[in-house]
Every structure is written in structure tokens, then in C-alpha cells.
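Chains as they are written, first to last, in our numbering: chain F, -18 to 403; chain R, 15 to 325.
For glycine and all other residues, C-beta sits at the position ideal for the given N, C-alpha and C.
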Amino acid sequence: MFNNRVFAVLKRELRERVMTKSFIIGTLALPFIMVLIFGFQYLMISMEGDSGTSIVMVSEIDDVMQGLKTEFSKKEWVKNGNYILTYQTMSEADFETYLDEHKSDILDKKVTGILFIPASAMQDKQVKYYSKSTKNITLEERVGRVINRVFIDNYFKDKGISQSDIRFARINVDFNTFRVTKDEGFQKESGGNLALSYIFSFLLYISLLMMGTWMMNSVIEEKTNRVCEVILSSVNARELMTGKILGTALTGLLQMVVWLTPIVVVIFFELPVLPRGFIVNLEFWQVIYFLLNFFVGLITYLGLFATVGAIFNTPQEAQSGVTPLMMLIIIPFLITISMIKNPANTLAEVASLLPFAAIIVMPARMTVTDVPLWQFILSFIVNIGTILAIFPFAGKIYRIGILRTGKKPKLKEVIKWIKFQY
Amino acid sequence: MHALEVKNLSKHFGHVKAVDNASFIVPEGSIFGLIGRNGAGKTTTIRMMMNIYLPDSGEVILRGTTVGQEFRNKVGYLPEERGLYKKMKVLDLLMFFAEIKGKTGDTVKEKAFEYLEKFSLLDRKNSKIEDLSKGNQQKIQFIATVLHDPEFIILDEPFAGLDPINTEILKDIILQLKKAGKVIIFSTHLMDFAERMCDHIAMIDNGKIILSGSLKEIKERHGQRNISLKYDGDISFLDGQPIIEKVTDFGHATGIRVKEPGHSQELLKLLIKNNVIVKSFNADEISLQEIFIEHAGIEEKEVTKSEVPYV
């Protein structure tokens, strides 16, 4: 099955794919885009575009005013001048006149807003905020939290309650989660492994679809170019198919290694780029398993995509054949997403042992739950079995299909091809 | 021993019998023509010879042994439907086609340069195929066919799309290849072309070989009974004459077939006796097209004009 002709085809596939601009850009761009998305979110959260916010704080109660002054001045975003706060104490009646006089300041954007804390706020925590844009979540969160703190301090001040009691009342419940595994006891966990399972299945999904589509288009191109008859005068259909699949699979593997390297490096060398408390548990054998499983998956799906390509004459025509194939990738992908809510999902467990689905579900599952060894073995046997089961048919259809041109064949005809002696 | 022998080859697709018990011999050192109209079974026969299709029955024998991968490595095949990888560079493509025939290294590269030089394409060796003109792509295709120094060359309509100058270059190369002892097999539906180039032929029609052998012998055999006539006057009296088998009007001349080889002299006497002015009477020459029509003519009525490319 493997000879110098297969090797020549394989080499050509590898060179024609890897040495293209689109491959290099695509491979390097994906991690970059992922980092960019994360980075952008981080940037959005940290900046939130609120530098230069100036708020006038008006309070009826002087004690509250003093409290606000001390608390706000401790904040980083006030110290660094992102927020400029001014404080005034006046009665409600005076404030109304003040507001009338300073309305134009708000309209001219001299001040972002005016916040009024009436005396009644000490009972109902109701404050008034006047601004051009009133739905400012960051402002409500940041400023509101400080105000609440001052209110609580002020409220309990004279009631003989210790600071430590107040602090306890203030903090929220925090879930510290531990994953129970058979051999290592308890592992402290955060959302890290869920994120990892998501990344794993996402990469599998992207790569299988991308490589599959490439494969299909390349088969269609050879067919419409009529180059395949020239090739078939030297190489038989099986050798051609083997060479093409292995060449494309190696391309996919190379791409996946490029994609995984930054992730693996960050996790194994515990580089401090992840948020604090974000723990990811990943074993080296899992990475190897992932790549091995991916390679087997590529061979399976590339075989199917090549077969579909051989049946049709144009990528447009091939859409009808590709849809069921896409489903074979998308449905398992959706099952892995459902695991994010509950990793011990029975559906996921079953899917990780089914043909086609196992390829996508198992890697995601192994990162979030402790998968028994027998399931790994069974899943692998199922994957190999799938390859052995589909290739005799796929090869036959491919062999016949690549020399067929003319009108789009019907499903019935394709089934008939399998019975042909070619 | 023959260079190549096709023995009782049959192939059907569904209900269609594409090739039906075809047998012919390709002698060493010959230019061989596989002739027939479109859809006659030429490509299927060649595909079976190339091991692209498995025959239902029969075999192809290469110098005494059944063909396999060994034959493929020795063959250069230029199919009717040409094709190249459009995105590949000229030299990379040529090297790839040689590599799948088992030829690699500097010798092949030098040879590729030689051929490119011959076709004045050396300066385009790093161009992408899609950037070449159609004619130049044809030349590259031809180089790819012969680069690995094949012993057998199978060409399907090799001159289609080439300008006169390149046609001459290609003809020279084919004759050189023949002198070098290569076996060249043409598959074509152009009768006059086959007549000029081939020394052995096999005619295929409806999947059956209807005639095969040395072109010279075939023509001699048919020429004795066939007369090409140019005349003034009325020859309708020939109908019903006992020596006449058939009269066919070819436009430029009339083809008359007599029943026995000796009847041609009687025909001439008959014409003169009936006051027909004979301008040309050729009992020696017959075109391959006439022979083909004589043998495959039964199906003429089924063939619509668009399906008769050799007219």
C-alpha cells in the first residue's frame, strides 16, 4: 500500500498545501485571533472607555460625604485620574437650584454626571444620578459598590457591631471546586479544564472541516482538470487516494501541532499569562492521545470528503453530499458543548464511544472527567473499526467517481458503483 | 513476440457493452492507430490497457507477460482529456509526473530542460501552469508524457490545439521516438491523420474490432476491389450490374466496389461502352475513410451529423 508512488503523491500534497500563503496565514492567524479575542475582552474590561469621567457627588449628610471621600481616594481609578470626583454637601432644596444652574455643564460634557444622595438614602439606599447617558453599567458597579460600602459603614456605625462582623456580612459565597479522580485524590479546579475541553473540540471541529473541504475541492479539481486520468496512467486509484489522504492528514497534524504548542507550553511551564486561580490540569499523555485520535479522525473524515468529491463535478454540486458529512462533525461538536453544563452527561459518555462522534467527543471528555481506561480502548477500537468499515466502499466509489464526468449522479447510481467490478 | 497483444478484452457498464471481445496486435517499432468514431470504445480499451479499468474478461499481454504496474511505468499516456495541476510550477509538475513513473534525480531534470528548450519554454520553467497559454500547456503536457523515457507512448489527438509550427516539432519528435525503437499508439477518430502517420491499425466500432493489421496490407486488399472514379456523364446504369457490389458518392469522387478483384477492368470497359467520360480511374488507391465506411457503414443511419467528426 505504501510505495514510492504513494510517497510522491503525498509529497506533492504536502508541498502544495503547506507552502501556500493561505495555509501559513491561516495556521498562524488562528491562535493569534484567539489571543486577540481574549486580549480584547481583557482590554475592554480593564479600560471600559471610562477615562475622563467626572462626577459631582452631592450629599445631604456630611458624614456620608466624608466617608465617600476617604473610600474613593483609595481606588486606583480615582488615583490615576480616570475618574475625577468632586464632593459637595447641600440640602435637597439647594440641590434643585444647583442642578438647574449646572444642567448646561452636563450638556456641554464639562461633567459626566451629578450624583445626589438624599438623607432618605440611609433608609432605602435610593440615590439620584443625572447624566446625558444614564445606562452606564461600569459606573453603577464601580461607584455604586463604594457608595454601598459607605452606606453600610455609616448605618452600622452606632449600632455596636464590630468591623469583622460587617466584613463577613459584606463578602459573597465563593465556590472552591475540586475534581475527584481515581488515582490522584482531589484536584483543585477552576474553569480551566472546561475552557480546555472547549478549545480541544473547537480545534478538532475547525480542522476537520477545513481539511475535509480542502480534500474535497482538491479531488473535484483533479476531476474537472482531467489531470486524474494522466495520474491514473501511473498510479492506481488506491495509491492516489492513500497518498492524498496521508498528505492532507499530515498537513492537518502539522497545523494542529502549531496550534497546540502555545497552549501546551503555557500549561506545562505554568506561564503566568492565565488569570490567577485559573488552573488547567493536562497530562502529557493526553496531548499525545489527542494528536493520535486527531490523526485517526482525519483519515476517517478525509476518506469521506474525498469520496464525496469524487462523486460530484463542482463544489456547488457537492453541497448536497457534504451536508450529511458536516452533520457528522457538527452534532458531536454540539454534544461537547453540552458537556460544559454537566461533564458527567450520559449523552456525552455514549457519544464518546460511537463511530465518528468518538473522534470529537472523547478528547473533550477526557479533559473534564476521569475516563476509564476501557472506554479509551473501546473508543480507539471503534475509530479504527470505522476506518476499516468505510474504506472498502469509499475506495470503490472514489475509483469509479474520479473518472466519471457528466451529469450529477443520483444516490442510487452511486450505490450501484459499489457493485461494479472495476 | 509482439510488443503488445490485446486478447479477447471485454468490458460492460451496466447494460452498455463498451468493449466486446476486442483483440489486436501492436508490433514492435510501429506507429499503431486505434481508430473509431467517438464512443466506439477506444478510451475504454486504452484504459484497460493502462490498468485503469479492470476488464470483465480478456487480457493485455506485454512481450509475453500480462500487463501490470511494470507496463504503466514504461508507458507515456496523453489522454484525450488533457489535464495539469494549474497551480503548480512547470518544472515541479514535470518532476512530479516523472516521479510517479519512478524516475527522479538530475538526469530527469536535465531531460526536462532539454525538452523545454526544444519547445522554447525554458524561460517559463518557474511559471505556474495557469499562467501559460493553452498551446504552451499542451506542450508541457506532451513533455510530461515522454519525460520518463517510456517504451510505449499512447497519444490521443496529440495535434489538437497546436499551431502548425509546433505540430511540425511534435511530428519530428514522434518520428525520432519511433526511430529510437519506441512503440507509439494513437487513438484517433481522424482517418486521414491515421492514414498519414500509422503503419498498423485496429478499427473499433460499437466495442468490436472490425478490422486490424498492417495499413499497407489492408489498403492493398481493399484497393483491388475498390475504384475511385471521377467522370462526366451518367453512371446510373451501373445499378443492377452483376459485377457491381456498391456505389458510393464521396463528393469529390465516386467509390465503386466490385465483387471480384478482376472485375475492375470489366468496369472500365463498361463505362467506356456507355459513353461516360472517365477523368480519373484509380483501382489502386483507397482512403482509410472509405475502408472504415465500408466496414462500419451499416450503422451510418444511426450516426447523426454531429456525431461524425471524421467527415
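Below-7 Å beta-carbon distance, residue i vs any chain F residue
{"i": "Leu98(R)", "result": "yes"}
{"i": "Met109(R)", "result": "no"}
{"i": "Lys148(R)", "result": "no"}
{"i": "Ser320(R)", "result": "Caution is warranted here: a pLDDT of 33 is assigned to Ser320(R), below 50, making its placement in the model unreliable, and the coordinate value is therefore given only provisionally. For Ser320(R), the answer is no, since every Cβ of chain F falls outside 7 Å of its Cβ."}
{"i": "Lys115(R)", "result": "yes"}
{"i": "Ile66(R)", "result": "yes"}
Close beta carbons around residue i, own chain, < 6 Å, minus the five adjacent residues each side
{"i": "Lys260(R)", "result": "Arg271"}
{"i": "Gly55(R)", "result": "Ala32, Val33, Ile218 and Gly221"}
{"i": "Met196(F)", "result": "Thr229, Leu283, Phe286 and Ala287"}
{"i": "Thr317(F)", "result": "Ser182, Val342 and Ala345"}
{"i": "Asn35(R)", "result": "Asn22 and Ser24"}
{"i": "Ala102(F)", "result": "Val108"}
{"i": "Thr318(R)", "result": "Confidence is the limiting factor: at Thr318(R) the pLDDT is only 36, short of 50, which leaves the residue's position unreliable and the question unanswerable from this model."}
{"i": "Asp263(R)", "result": "none"}
Below-7 Å beta-carbon distance, residue i vs any chain R residue
{"i": "Glu210(F)", "result": "yes"}
{"i": "Arg(-14)(F)", "result": "yes"}
{"i": "Val268(F)", "result": "no"}
{"i": "Ile383(F)", "result": "no"}
{"i": "Val216(F)", "result": "yes"}
{"i": "Arg(-2)(F)", "result": "no"}
{"i": "Ala(-11)(F)", "result": "yes"}
{"i": "Leu221(F)", "result": "no"}
{"i": "Arg123(F)", "result": "no"}
{"i": "Leu213(F)", "result": "yes"}
{"i": "Lys388(F)", "result": "no"}
{"i": "Arg(-7)(F)", "result": "yes"}
{"i": "Phe265(F)", "result": "no"}
Beta-carbon proximity list for residue i, same chain, < 7 Å, skipping 5 on both sides
{"i": "Leu161(R)", "result": "Leu108, Phe111, Ala112, Val122, Lys125, Ala126 and Tyr129"}
{"i": "Met343(F)", "result": "Asn274, Ser333 and Ser360"}
{"i": "Val349(F)", "result": "Asn174, Leu175, Ser178, Met320 and Pro324"}
{"i": "Asp44(F)", "result": "Asn135"}
{"i": "Glu165(R)", "result": "Lys88, Lys196 and Val197"}
{"i": "Ile399(F)", "result": "Phe374, Lys377 and Ile378"}
Close-in-space but distant-in-sequence residues of the same chain around residue i (CB under 8 Å, 5 per side omitted)
{"i": "Leu241(F)", "result": "Leu184, Val268, Phe271 and Leu272"}
{"i": "Leu282(R)", "result": "Val292 and Phe295"}
{"i": "Val239(F)", "result": "Thr8, Leu9 and Pro12"}
{"i": "Lys100(R)", "result": "Lys142, Ile143 and Glu144"}
{"i": "Ser420(F)", "result": "Since the first residue of chain F shown is -18 and the last is 403, residue 420(F) is not available in this structure."}
{"i": "Arg(-2)(F)", "result": "Phe4, Trp195, Gly228, Thr229 and Thr232"}
{"i": "Glu314(R)", "result": "For Glu314(R), the predicted model reports a pLDDT of 43, less than 50, meaning its position is unreliable; a value from the coordinates is still stated below. Excluding positions up to five away in sequence, the list reads Ile307."}
{"i": "Leu136(R)", "result": "Phe127 and Leu130"}
Extent of the continuous beta strand (DSSP E) run through residue i
{"i": "Ala17(R)", "result": "Neither: Ala17(R) is in no beta strand (DSSP E) and is coded neither H nor E."}
{"i": "Met38(F)", "result": "Thr34 to Ser40"}
{"i": "Ser112(F)", "result": "Lys109 to Ser112"}
{"i": "Lys31(R)", "result": "Val30 to Val40"}
{"i": "Asn296(R)", "result": "Ile291 to Asn296"}
{"i": "Val200(F)", "result": "Careful: Val200(F) lies outside any beta strand (DSSP E), inside the alpha helix (DSSP H) at Gly173 to Asn206."}
First and last residue of the uninterrupted alpha helix (DSSP H) at residue i
{"i": "Ala216(R)", "result": "Run containing Ala216(R): none in the alpha helix (DSSP H); it sits in the beta strand (DSSP E), His214 to Asp219."}
{"i": "Asn364(F)", "result": "Leu354 to Gly382"}
{"i": "Phe306(R)", "result": "Leu302 to Ala310"}
{"i": "Glu73(R)", "result": "Careful: Glu73(R) lies outside any alpha helix (DSSP H), inside the beta strand (DSSP E) at Ser71 to Leu76."}
{"i": "Ala329(F)", "result": "Thr327 to Ala332"}
{"i": "Leu108(R)", "result": "Val104 to Glu113"}
{"i": "Val395(F)", "result": "Leu392 to Lys400"}
{"i": "Glu274(R)", "result": "Taken as a continuous stretch (DSSP letters only), Glu274(R) belongs to no alpha helix (DSSP H), as it is neither H nor E."}
{"i": "Thr348(F)", "result": "Ala338 to Val349"}
{"i": "Leu(-9)(F)", "result": "Asn(-15) to Val(-1)"}
{"i": "Leu306(F)", "result": "Pro296 to Ser319"}
{"i": "Thr121(R)", "result": "Asp120 to Lys132"}
Near-chain R residues of the stretch 191 to 208 of chain F - C-beta to any C-beta below 7 Å: Asn206, Arg207 and Val208
Continuous alpha helix (DSSP H) assignments of at least 4 residues falling wholly in the stretch 51 to 107 of chain F: 57 to 60, 73 to 88 and 102 to 105
Runs of alpha helix (DSSP H) wholly within the stretch 208 to 267 of chain F (minimum 4 residues, chain order): 208 to 213 and 218 to 249
Within 7 Å of chain F by C-beta, residues of the stretch 128 to 157 of chain R in sequence order: none
Against chain F: residues of the stretch 68 to 101 of chain R by CB proximity under 9 Å: Leu68, Asp70, Gln83, Arg86, Asn87, Val89, Gly90, Tyr91, Leu92, Pro93, Glu94, Glu95, Arg96, Gly97, Leu98, Tyr99, Lys100 and Lys101
Contact set between the stretch 36 to 64 of chain R and chain F, restricted to residues whose Cβ is under 7 Å from the partner: Met64
Every unbroken beta strand (DSSP E) within the stretch 153 to 241 of chain R, with a cutoff of 3 residues, ordered by chain: 166 to 170, 197 to 202, 214 to 219 and 222 to 228
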